[in-house]
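Presented below is the structure to which this report refers.
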Amino acid sequence: MNRLSSPFLPVRNSVTAVMRDVLVALIPGVLIYTALFGFGVLQQLLLAMVSCWVIEALVLYLRSKPLRPFLTDGSALLTGALLALSLPPGAPWWIAVVGSAAAMLLGKHLYGGLGNNAFNPAMVGFVVLLISFPVQMTAWPAMQPLWAGAADAVSAATPLDHVRTQLALHRTLDEIGHDGSFGILAGRGWEWVALAWLAGGLFLLWRRQIRWQIPVGVLAGMLLPALLFWAWDADRYGSPLFHALSGATLLGAFFIATDPVSAATTPRGRLIYGLGIGLITYIVRSWGGYPDGIAFAVLLMNLCAPTLDQYTRPRVYGHGRKPEA
Amino acid sequence: MTLMTRLFGFRGGLHLDYRKEISTGTPIRVAPVPPQLVLPLSQHAGAPAKPRVRVGEQVLRGQTLADPEGFVSVPVHAPTSGTIVAIEPRPVPHASGLPALCIVLEADGQDAALPQTEWPAVEDVQSLEPQAIRDIVRRAGIAGLGGAGFPSFIKLGPGRPVEALIINGAECEPYISCDQMLMAERADEIVAGVQVILRAIGAPRCLIGVEDNKPPAIAALRRAASVDARIQVVVVPTRYPQGGEKQLIQALTGKEVPSEGLPLDIGYVVHNPGTARAVWRAVRYAEPLTARVVTVTGGAVKAPQNVEARIGTPMRFLIDFVGGYVGTPGRLLMGGPMMGLALSTDELPVIKSTNCILAATAEELRPADDAMPCIRCGACQEACPINLMPQQLYWHARGKEFDKTRELNLFDCIECGCCAQVCPSHIPLVQYYRYAKTEIWSAEREKRKADAARERHEARQIRIEREEREKEAARARKKAELAARKAATEATAASVPAATSAGISVDDPVARAIAAAKARRAVNAPADAAATSVKDASGSGADTDAVAKAIAAAQAKKAVKAAAAETSGTGSADKGDAVALAIAAAKAKKAAKAAADSASPDADDAVSLAIAAAKAKKHAQEQLTDAPSPAKPGAAAGGTDNDPVARAIAAAKAKKLAREAAAPTQGATAGDDDPVARAIAAAKARKAAKDAAATGDKDRDA
Chain A
1 MNRLSSPFLP
11 VRNSVTAVMR
21 DVLVALIPGV
31 LIYTALFGFG
41 VLQQLLLAMV
51 SCWVIEALVL
61 YLRSKPLRPF
71 LTDGSALLTG
81 ALLALSLPPG
91 APWWIAVVGS
101 AAAMLLGKHL
111 YGGLGNNAFN
121 PAMVGFVVLL
131 ISFPVQMTAW
141 PAMQPLWAGA
151 ADAVSAATPL
161 DHVRTQLALH
171 RTLDEIGHDG
181 SFGILAGRGW
191 EWVALAWLAG
201 GLFLLWRRQI
211 RWQIPVGVLA
221 GMLLPALLFW
231 AWDADRYGSP
241 LFHALSGATL
251 LGAFFIATDP
261 VSAATTPRGR
271 LIYGLGIGLI
281 TYIVRSWGGY
291 PDGIAFAVLL
301 MNLCAPTLDQ
311 YTRPRVYGHG
321 RKPEA
Chain B
326 MTLMTRLFGF
336 RGGLHLDYRK
346 EISTGTPIRV
356 APVPPQLVLP
366 LSQHAGAPAK
376 PRVRVGEQVL
386 RGQTLADPEG
396 FVSVPVHAPT
406 SGTIVAIEPR
416 PVPHASGLPA
426 LCIVLEADGQ
436 DAALPQTEWP
446 AVEDVQSLEP
456 QAIRDIVRRA
466 GIAGLGGAGF
476 PSFIKLGPGR
486 PVEALIINGA
496 ECEPYISCDQ
506 MLMAERADEI
516 VAGVQVILRA
526 IGAPRCLIGV
536 EDNKPPAIAA
546 LRRAASVDAR
556 IQVVVVPTRY
566 PQGGEKQLIQ
576 ALTGKEVPSE
586 GLPLDIGYVV
596 HNPGTARAVW
606 RAVRYAEPLT
616 ARVVTVTGGA
626 VKAPQNVEAR
636 IGTPMRFLID
646 FVGGYVGTPG
656 RLLMGGPMMG
666 LALSTDELPV
676 IKSTNCILAA
686 TAEELRPADD
696 AMPCIRCGAC
706 QEACPINLMP
716 QQLYWHARGK
726 EFDKTRELNL
736 FDCIECGCCA
746 QVCPSHIPLV
756 QYYRYAKTEI
766 WSAEREKRKA
776 DAARERHEAR
786 QIRIEREERE
796 KEAARARKKA
806 ELAARKAATE
816 ATAASVPAAT
826 SAGISVDDPV
836 ARAIAAAKAR
846 RAVNAPADAA
856 ATSVKDASGS
866 GADTDAVAKA
876 IAAAQAKKAV
886 KAAAAETSGT
896 GSADKGDAVA
906 LAIAAAKAKK
916 AAKAAADSAS
926 PDADDAVSLA
936 IAAAKAKKHA
946 QEQLTDAPSP
956 AKPGAAAGGT
966 DNDPVARAIA
976 AAKAKKLARE
986 AAAPTQGATA
996 GDDDPVARAI
1006 AAAKARKAAK
1016 DAAATGDKDR
1026 DA
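Residue numbers (the numbering used here), protein chains in the order written: chain A, 1 to 325; chain B, 326 to 1027.
In C-alpha cells, the structure reads:
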C-alpha cells in the first residue's frame, strides 16, 4: 500500500539512518580513545548503550508504545554512547547504569519520548551523575596506551582539571606546560582523541546529517573569548588551541550540541545556540566551579532553544526584507 | 540585449531521481481517437462551462460544446466528430474525488471537422490587436497546460505594463517530459506562440527558462528563437522545484513574487510552452484546444512515451496505446510524483491540464509506513524553497492551532513536497498543511455564513423596531401638538416682554412652526439621534424661544419613552438587542436632559422655564409609571429594564463590554460570563448604535 497524497517518491533518509550515521562518526574517536586510555572506554560504552536500550524498551512497554520502531531507531543507543563517552573510563559499573536511567527517564520519557524532550538526555544523565557522585565522576585514568602493555590503572587529573589546580597554586601556564602533562598540541593523549571527534564531525557534515551552524557556533563562542583572554594574559588563560583540544569541546560541538531534538532549529537560531554553548563553557572553565562546562552549557542553551526559534524566524519568500511581527 | 544572463537561483530545493529518460526515447506519437470521449465541463480553474448541446446531437470536430460561464471560465470543444450520448456527472481527475458534470461524446470514426472554423484563421498574426488575440484564445478554450489550468486569456490581458514574458520550460518534476519533448519537436510553434503572446501583453522581451537536463529542447528552442532578438532561452540548473512559478521568476530575475500576489505584481507573466503552442495554433489555424501532449510513463507501463491525445481520451486507452501495464501498478498518478494527484481508477479522462499519467510500481513509490516523531532535524527547513519553518507548521497543524500556522505563513506554502521528501521521520508534512488550509477555509466559510445569518436577523430586528417607532411617533406627534398649543397660550399670557426682548415674538407663527417642525423631526429620529436634533433646534434661530425649547425637551422625552417602549416591546428578543436598546434609551435620556439644561440658563422667562421643568418632570413620571412590563429578567446585563437608572447602568455596561470586546485581550478578562456571548452582545450593541446614528443622519439629511 502506498501513500495517498503527494509527494509519492520514496524517502532515502530515516531516523535510524541519522542515528546510525552519528554512531558511525563516533567510531574513530572511540578507537583512539580506547587505544590511549584502555578498554574501560569500551566497557562504559557497552554498559551505557545496553542500559539505555533496555530502559527504553521497558518504558515503551509500560507506556504501551510500539516497541519495534523505537527500539530500532538507534536513538537510545546514541544517548547511551554519548553518555558513556562523558564518563571516566574507570568509573564503577553502576555509574553508567544510573546515568542511563537518569538520561532515559528524566531526560527523555518524562517528556514523551523521542522528539519531545526539551533537554539533551545524555547530558541530563551526565549532570545527575556529576552532581550526585563527584568522586567517581572525577577519577580519570592517566594515559595508558594499549601498546604500552598492561599496567595498574593510575588515575590522574584531566588536562583541564590539572591546569585548573595548578593555576590555583599560582603556577603559570608556561610552567604547567612543561611538567609532562601536555603533549604536542594540548593535554597528552587527549589531543588525538579530540582530533578524532573532529574527523567524525566532518563526516557528519559531509553526510548532511548535521548543519554547520551549531559546531561553528560552539567553537566560535569558546575560541573567540579564549583568544581574547589568552592574548591579554597567556600565563593565566589557556590558548584557543588548548581549549579546542581539551575536555569535551569537539565531542560537544559536533555530537552533543547538535542533538536536533533539544537544539534550536532555525539557521540563525542554531548559530546563536552554538555561540551560547561555547561561551558558557568557556566561562565555566575559566571562572566556574567545574573543570569543564559543556554539559551545563548545553542544558542551559536547551532552555533557550524555543525562544531562539521564535525570534530567529527566517524571512519568508515574498515577504519583504523586514521580518514580520 | 546580452546573451549572458545572470542567474539568481532560489533557496532550498532538492536534487531528485528524475527518470525522464524512460519516456524520452521515442518522438511524440499521435494517439488514435478513442471510441468514447468524456469531456468534463470544468477542466480549468474557475467556473465550469455551460453545455450548449443536447444529448443525441451530432457534433463535428472543433465545435463548441459548452460556453464559458462568467469571466474566469473557458469553453469546451468537440475533439472529434460524433454523437453526444450523455451529459451527466462522471468521475473526473480532481483532488476532491467527486464526480463532476461531463459531456460524453461517442466518436463516429469520421473525425470530421467543422466545414468552417468558428473564428477565422489569421495569416498575419502580428496585425492582430491584443484584444482580438485574447478573444481567440478564450474562444479556443485554452487553459494553462502546465497543470494548474488557469484560463490563459486572462493572463494575456495584464492591464499594466509587463517587463517580460517568462515561458516556464523548467519541467522540474520527475518522470514528466511532455514539455521537454514538445520544446524539442515543436520549438518553432512555441516561438511563434511566444510572439503572439508578446503582442497580446505588450511585453518587450521573453525569457524561456529550461533546466539544463534537456539539451535537445534547449538547442531546438535556441534555433527557433534566433529569428527574434526579443526571445532569449535561459538555461537554469536542474533542481526541484525550479519549475515552480515563484522559483523560476526568482531564478531568472532575482525578484520575489509578493506574498498572496501574482507574478504580474512585479511585472512578469508566466506561461507554459504547451500553452504558447496552443495559442499559436488557435490564432494561426483557428484550432481550439482539443488535444495535448501527455507523458504516459512509470515502471508499470510497457513502453513509456509521450503521446498527443485528444482531450477526453480515457487514460486506460492511452496506457493500452503504449503497450499496457507490466507488473502490478502501485498507484496511478496524474502529474508528477512530487505534486501529482493519486487517481482511483484509470477510466478517468485526459483533461486540458493532464501533463502526465504516471503508473508507478510499488517500489518506485514510498510505502505508507508509520511516521516517526519529528526530531526537529531541520532538513525540511533547509529544503523549503519558500523559507518557511515546516517543522513548526507541522507542530501547530497537528495541534490544530491554525492561527499559529497562519502566523507562520502557511498560505505561502506551494505544496512542492520538498519538506516531506527529506523528512527522516517520514512525516506526511504536505498533508498536514493541506489539512490546516482546508480547516481554515472551512472555518472562514462558516463564519461568513454565520455573519450573513446574523445580518439577516438584525435587519429584521431593525425593521420591527422602526415600525414600533413609527407607531409611537405618530402618537407622540399628536400629544406634542397639544402640548405646544397649550404652552404657547400660557407663554403669550405671561412672558411677552421677555420674548419680545429676545427679538422673536412667541406669537410669531413662523417661529412656532419651525420649532414644531424641528421637534417633530426629533421625535421621528431614532432615540439617540434625537439628541442631535434637539441640539440643532436649540442652536438655531429658535434659540431663545423658551417655548420651542420646552417643546423640544418634552418631545425628546417622548423619544425616550418610545425607546423604552421598544425595549420592552422587543424584550423577548435576544440579549444583544435589549442591550442596544438600553444604550439608545440612555443616550436619548441624556439628550433630553441636555436639551432641558440648555433651555434653562438661556431662557429669561421664568414661566416658560417652570413649564418646561414641570413637563419634563411629568414625562419622567409618566415614564416611570406607564413603563411597560419589564423585559425578561437579566436581559440587559441583569437589570430590570423599565427602570431608567438600571437601563443607564445597562447601557454603560454594554458600552464597557463593547470596549472590552474591541480590545485584543478580550478572552483574557476573567470573572464575567461567557466571553463569546459577551463579544457577540457587544458587537450587536455597537452595530445597533451605529445603525441608529446612521438613521439619524439620514433623517437629518431628509
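Using N, Cα and C, we set each Cβ at its ideal position, and we do this for glycine too.
Remember, predicted model here, so these are calculated numbers, not experimental data.
In this structure, DSSP gives P639 of chain B an extended state, which the three-state scheme calls strand.
The C-beta of P121 of chain A comes no closer than 8 Å to any C-beta of chain B. Counting only residues of its own chain and dropping the five nearest sequence neighbours on each side, T249 of chain A has a CB closer than 8 Å to the CB of A194, V218, L219, M222, H243, T281, I294.
Along the length of the stretch 182-265 of chain A, whole alpha helix (DSSP H) runs at least 4 residues long occupy 190-206, 213-232, 240-244, reported in chain order. For the beta strand (DSSP E) assignment, the uninterrupted runs of no fewer than 3 residues enclosed by the stretch 418-456 of chain B are, from N- to C-terminal side, 425-432. P583 of chain B and L589 of chain B have their C-alpha atoms roughly 10 Å apart. Sixteen is the threshold: when 16 or more other Cβ atoms of the shown chains lie within 10 Å of the Cβ of K345 of chain B, as they do, the residue is buried. Rounded to the nearest angstrom, the gap between the Cα atoms of A512 of chain B and V519 of chain B is 10 Å. Spatial neighbours of V384 of chain B in its own chain (CB-CB distance under 8 Å, excluding positions within 5 residues in sequence) are listed in chain order as V378, L390, A403, S406, G407, T408, I409, L430. Under DSSP, G534 of chain B shares a beta bridge with B:N493, B:V559. C705 of chain B and G494 of chain B have their C-alpha atoms some 26 Å from each other. Apart from sequence neighbours up to five positions away, the residues of its chain that approach A25 of chain A with a beta-carbon distance below 6 Å are G200, F203, L204, ordered along the chain. Burial check for T615 of chain B: the Cβ neighbour count within 10 Å reaches 16 or more, so the residue is buried. Put simply, the CB of S86 of chain A is far from chain B, with every gap to its CB atoms at 8 Å or more. Contiguous alpha helix (DSSP H) elements confined to the stretch 672-746 of chain B occur at 704-708, 715-723, 727-732, taking only those with 4 or more residues.
When Cβ-Cβ separations below 8 Å define contact, R315 of chain A makes contact with chain B. Below the 9 Å Cβ cutoff, chain A contributes V316, Y317, G318 as neighbours of I711 of chain B, in chain order. Here DSSP, grouped into helix, strand and coil, assigns L339 of chain B to strand. For G665 of chain B, the C-beta contacts it makes with chain A under 8 Å involve S6, F8, in order along the chain. In this structure L364 of chain B touches I636 of chain B by the C-beta definition: roughly 7 Å separates them, less than 8 Å.
Looking from the CA of E394 of chain B, the closest CA among B:L733, B:R779, B:G466, B:Y565 belongs to B:G466. From the beta-carbon of D73 of chain A, the residues of chain B found nearer than 8 Å are M697.
For G115 of chain A, the chain B residues whose C-beta falls within less than 8 Å of its own C-beta are M697, P698, C699, I700, R701, S750, listed in chain order. Beta-bridge partners assigned by DSSP to K375 of chain B: B:D392.
Counting along the chain, the unbroken alpha helix (DSSP H) around A101 of chain A starts and ends at 93-101.
The beta carbon of L160 of chain A sits closer than 7 Å to those of S246, G247, R285, P291, D292, all from its chain and outside the five residues before and after it, given in chain order. S239 of chain A counts as buried, since at least 16 other C-beta atoms from the protein chains shown sit within 10 angstroms of its C-beta.
The continuous alpha helix (DSSP H) containing H162 of chain A extends over residues 159-168. One thing to note: C52 of chain A has its Cβ within 8 Å of the Cβ of M104 of chain A. Annotated as proximal: V608 of chain B and V447 of chain B, with beta-carbon spacing under 8 Å. Residue contact with chain B for N13 of chain A: present (Cβ-Cβ distance below 8 Å to some residue of chain B). Rounded to the nearest angstrom, the Cβ distance from P416 of chain B to L673 of chain B is 6 Å, consistent with a contact under 8 Å. A contact is defined here as three or more CB-CB pairs under 8 Å, and the stretch 744-759 of chain B fails this definition with respect to the stretch 773-792 of chain B. Here the alpha carbon of P215 of chain A sits roughly 32 Å from the alpha carbon of I739 of chain B.
DSSP lists B:V429 as the beta-bridge partner residues of V363 of chain B. Close to V261 of chain A, with beta-carbon spacing below 7 Å, are these residues of chain B in chain order: I700, R701.
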